[in-house]
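Single-structure report; data block below.
There are 2 protein chains.
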Amino acid sequence: MTRSEENYLKTIFHLGSGDDVSINTNAIAEQMETKPSSVTDMAKKLAEKGLVNYKKYQGISLTDAGVKTALSIVRKHRLWETFLVEKLDFAWDEVHEVAEQLEHIKSEKLIDKLDQLLQFPKYDPHGDPIPGKNGEFQEHNKDLLSELPVGAHGICVGVKDSSSAFLQYLDKHEISIGKPIQILGKEAFDGSLHLKIGEREHMVSHQIACNIYLK
Amino acid sequence: MTRSEENYLKTIFHLGSGDDVSINTNAIAEQMETKPSSVTDMAKKLAEKGLVNYKKYQGISLTDAGVKTALSIVRKHRLWETFLVEKLDFAWDEVHEVAEQLEHIKSEKLIDKLDQLLQFPKYDPHGDPIPGKNGEFQEHNKDLLSELPVGAHGICVGVKDSSSAFLQYLDKHEISIGKPIQILGKEAFDGSLHLKIGEREHMVSHQIACNIYLK
DNA sequence: AACTATTTTTAGATTTGCCTAAATTTTATT
DNA sequence: AATAAAATTTAGGCAAATCTAAAAATAGTT
Numbered sequence: 001m002t003r004s005e006e007n008y009l010k011t012i013f014h015l016g017s018g019d020d021v022s023i024n025t026n027a028i029a030e031q032m033e034t035k036p037s038s039v040t041d042m043a044k045k046l047a048e049k050g051l052v053n054y055k056k057y058q059g060i061s062l063t064d065a066g067v068k069t070a071l072s073i074v075r076k077h078r079l080w081e082t083f084l085v086e087k088l089d090f091a092w093d094e095v096h097e098v099a100e101q102l103e104h105i106k107s108e109k110l111i112d113k114l115d116q117l118l119q120f121p122k123y124d125p126h127g128d129p130i131p132g133k134n135g136e137f138q139e140h141n142k143d144l145l146s147e148l149p150v151g152a153h154g155i156c157v158g159v160k161d162s163s164s165a166f167l168q169y170l171d172k173h174e175i176s177i178g179k180p181i182q183i184l185g186k187e188a189f190d191g192s193l194h195l196k197i198g199e200r201e202h203m204v205s206h207q208i209a210c211n212i213y214l215k
Numbered sequence: 001m002t003r004s005e006e007n008y009l010k011t012i013f014h015l016g017s018g019d020d021v022s023i024n025t026n027a028i029a030e031q032m033e034t035k036p037s038s039v040t041d042m043a044k045k046l047a048e049k050g051l052v053n054y055k056k057y058q059g060i061s062l063t064d065a066g067v068k069t070a071l072s073i074v075r076k077h078r079l080w081e082t083f084l085v086e087k088l089d090f091a092w093d094e095v096h097e098v099a100e101q102l103e104h105i106k107s108e109k110l111i112d113k114l115d116q117l118l119q120f121p122k123y124d125p126h127g128d129p130i131p132g133k134n135g136e137f138q139e140h141n142k143d144l145l146s147e148l149p150v151g152a153h154g155i156c157v158g159v160k161d162s163s164s165a166f167l168q169y170l171d172k173h174e175i176s177i178g179k180p181i182q183i184l185g186k187e188a189f190d191g192s193l194h195l196k197i198g199e200r201e202h203m204v205s206h207q208i209a210c211n212i213y214l215k
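Chains as they are written, first to last, in full-length UniProt numbering: chain B, 1 to 215; chain U, 1 to 215.
Shown next as structure tokens:
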């Protein structure tokens, strides 16, 4: 399994094909910042290996074997992210790029020992679930802040957008995983929210609210 | 800097060209389990980049820039080995292969934080010195067990051969870094040694003695 | 249903890193 | 010094992963 093959599987998985959903060639190309023709080439190769279902012009979906492989890569990625934050004091907006490299290291023992060192974490620094050795994981049953009514309150359990820019915005406004958040009011005009975050009050735009998960 | 380029630089460094020594094409090829013609190709590329001195038929040596790069890879390799042993309970004969992968991860912050987590170790699990951020390192002034006279004693500070087979032999005979060793006698016929290792007495062959460093 | 626009695939080229086989240069030996 | 042996380089080719440009298929729109 080459690094490139692993990246394709991971991308297809993230684009929603844990569920037999067929993914567009174009969508994969865009996500991976590559060209559609490259995706077609790889689709054929992965189909050969039994990791994806592929028929010309019909889109691409993961097979069971493909899902299993994708989950093992996601597991590695998220364990490494957790390691970087918990053990090496990285900020949560700094871990993605490095984890993209570390996720391709091939050593089952390494990843199991890492899991142990971290005391078998269930969620990564962005609140995303970490698959176990056998691919099992529990998603939080969470809600987007933007979809909750005025008066609702809960704990921030994750973010949808993990971009550095967004995470830094959250840091600046002291929004982090574990913080209690309450919706004090909503602006009808633009959907912006008046929040109580911990002990403070803040306004956040609709766009921000669309990327914060509450439980 | 590609992974392959990094591996060439590291190999040339290990074959003794920290010191302007010219290294044979063949020697590099053998060490890397590749063909001499591939080495020639890479020599040209690395020369282009100013990392090696290369003239047709004259062998290859590292430039200052090449040494600097090689040292940074060696630093990463040895820090990762130390991490695997100290933090993940790997045995010293299990770390090399994984470190060969980890040494190519690109993140200065990662390696500096790792160094810090490990409390700035000076030597790796095999007793080899770990270069600092600026490439400086102190080699133990050590002696090969095979070159010491009867009666000599010291502390085991390293091994010359880091192969799994050799390290497992040492484990079996309870020889490890930090153990006091004394030469009780030497067999003139085959050079085998009668040793006191910690509280025990052992015979070891000349071949074994050629791969243990004492201080 | 016909046509247009979009998506997807094919064909052919490129780069990296490697290979084999043959040619060349250096080194060792007579 | 001539020749044989060994080391090294060149030339040409291959596989992986990508690209561009053109062709083909599908989807959307009058």
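Built from N, CA and C at the ideal position, the CB exists for glycine as well.
These figures come from a predicted structure and were not determined experimentally.
Rounded C-alpha distance that separates residue i from residue j
i, j, result
"residue 58 of chain U", "residue 22 of chain U", "7 Å"
"residue 139 of chain B", "residue 178 of chain B", "16 Å"
"residue 129 of chain B", "residue 78 of chain B", "8 Å"
"residue 113 of chain U", "residue 92 of chain U", "22 Å"
"residue 66 of chain U", "residue 51 of chain U", "4 Å"
"residue 176 of chain B", "residue 11 of chain U", "46 Å"
"residue 115 of chain U", "residue 80 of chain B", "17 Å"
"residue 43 of chain U", "residue 5 of chain U", "9 Å"
"residue 125 of chain U", "residue 111 of chain B", "20 Å"
"residue 117 of chain U", "residue 142 of chain U", "28 Å"
"residue 88 of chain B", "residue 37 of chain U", "42 Å"
"residue 170 of chain U", "residue 64 of chain U", "37 Å"
"residue 242 of chain U", "residue 98 of chain U", "Look at the range of chain U in this structure, 1 to 215, and you will see that residue 242 of chain U is not part of it."
"residue 74 of chain U", "residue 56 of chain B", "47 Å"
"residue 160 of chain B", "residue 212 of chain B", "6 Å"
"residue 120 of chain U", "residue 184 of chain B", "49 Å"
"residue 71 of chain U", "residue 164 of chain B", "31 Å"
"residue 168 of chain U", "residue 94 of chain U", "10 Å"
"residue 25 of chain B", "residue 39 of chain B", "6 Å"
"residue 150 of chain U", "residue 192 of chain U", "11 Å"
"residue 148 of chain U", "residue 195 of chain U", "12 Å"
"residue 48 of chain U", "residue 13 of chain U", "18 Å"
"residue 76 of chain B", "residue 69 of chain B", "11 Å"
"residue 60 of chain U", "residue 41 of chain U", "12 Å"
"residue 3 of chain B", "residue 162 of chain U", "28 Å"
For residue i, the three-state DSSP class (helix, strand or coil)
i, result
"residue 184 of chain U", "strand"
"residue 12 of chain U", "helix"
"residue 41 of chain B", "helix"
"residue 74 of chain U", "helix"
"residue 104 of chain B", "coil"
"residue 126 of chain B", "coil"
"residue 111 of chain B", "helix"
"residue 68 of chain U", "helix"
"residue 141 of chain U", "coil"
"residue 61 of chain U", "strand"
"residue 199 of chain U", "coil"
"residue 98 of chain U", "helix"
"residue 150 of chain B", "coil"
"residue 51 of chain B", "coil"
"residue 206 of chain B", "helix"
"residue 21 of chain U", "coil"
"residue 193 of chain U", "strand"
"residue 118 of chain U", "coil"
"residue 88 of chain B", "coil"
"residue 177 of chain U", "coil"
Contacts of residue i in chain U (Cβ-Cβ under 8 Å)
i, result
"residue 106 of chain B", "101"
Cβ-Cβ separation, residue j to residue i (assumed contact under 8 Å), whole Å
i, j, result
"residue 144 of chain U", "residue 210 of chain U", "6 Å"
"residue 206 of chain B", "residue 190 of chain B", "6 Å"
"residue 157 of chain U", "residue 214 of chain U", "7 Å"
"residue 46 of chain B", "residue 27 of chain B", "At roughly 16 Å, the Cβ-Cβ gap does not stay under 8 Å, so residue 46 of chain B and residue 27 of chain B are not in contact."
"residue 154 of chain U", "residue 181 of chain U", "6 Å"
Within chain U, the residues that residue i reaches when beta carbons sit closer than 9 Å
i, result
"residue 98 of chain B", "105, 106, 107, 109, 110"
Interface residues of chain U facing residue i [CB-CB closer than 7 Å]
i, result
"residue 89 of chain B", "113"
Contact list for residue i against chain B, beta-carbon separation under 8 Å
i, result
"residue 117 of chain U", "87, 88"
Problem set entry | Validate contact between the region 103-114 of chain U and the region 119-137 of chain B using beta carbons, cut 8 Å, 3 pairs | no
Problem set entry | Cβ contact check for the region 28-35 of chain U and the region 180-188 of chain B: 3 or more pairs under 8 Å | no
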